[in-house]
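Residue numbers (our numbering): 149 to 239. Read through the structure below, which is laid out as structure tokens, and then see the notes.
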């Protein structure tokens, strides 16, 4: 399931992975986001999350991608992952 926060500028997943849990996410300056879309699918793990953006004057977009792995012991739940993403500041 895609989770998103357009105001903070991110999309993310939190899912079971090889006997543990893993969160992945992409962050971008919220001022660059035109819209966030989800293209769901009835098949498992075949949907897509899209951030439609505006580029800078040079046609570029700066973004950050990362993950939180429960086995690392720092981010242990979907709520902790969302909090981490909400506190990450893109400048």
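In this text, a Cβ means the ideal position worked out from N, Cα and C, and glycines have one as well.
Tell me the DSSP secondary structure of residue i in three-state form.
i: residue 192; result: coil
i: residue 185; result: strand
i: residue 153; result: strand
i: residue 164; result: strand
i: residue 228; result: helix
Between residue i and the rest of its own chain, which residues show a CB-CB distance below 8 Å, the 5 nearest in sequence each way excluded?
i: residue 184; result: 152, 154, 159, 197, 198, 199, 200
i: residue 195; result: 150, 186, 187, 188, 189
i: residue 223; result: 171, 216, 217, 229, 232
Please state if the CB of residue j and the CB of residue i are separated by a distance shorter than 8 Å.
i: residue 215; j: residue 171; result: yes
i: residue 175; j: residue 236; result: yes
i: residue 218; j: residue 168; result: yes
Report back the beta-carbon spacing between residue i and residue j to the nearest angstrom; my notes put them in contact at under 8 Å.
i: residue 157; j: residue 178; result: 4 Å
Can you find the residues in the same chain that come closer than 6 Å, C-beta to C-beta, to residue i, ignoring five residues on each side of it along the sequence?
i: residue 209; result: 201, 203
i: residue 220; result: none
i: residue 162; result: 171, 226, 229
In chain order, what residues of the same chain lie with their CB nearer than 7 Å to the CB of residue i, ignoring the 5 residues before and after it?
i: residue 182; result: 200, 201, 202
Do we get a CB-CB distance below 8 Å when we pair residue i with the residues of chain C?
i: residue 221; result: Of the protein chains in this structure there is only one, and it is not chain C.
Where DSSP assigns a beta bridge to residue i, which residues make up the other side?
i: residue 158; result: 153, 175
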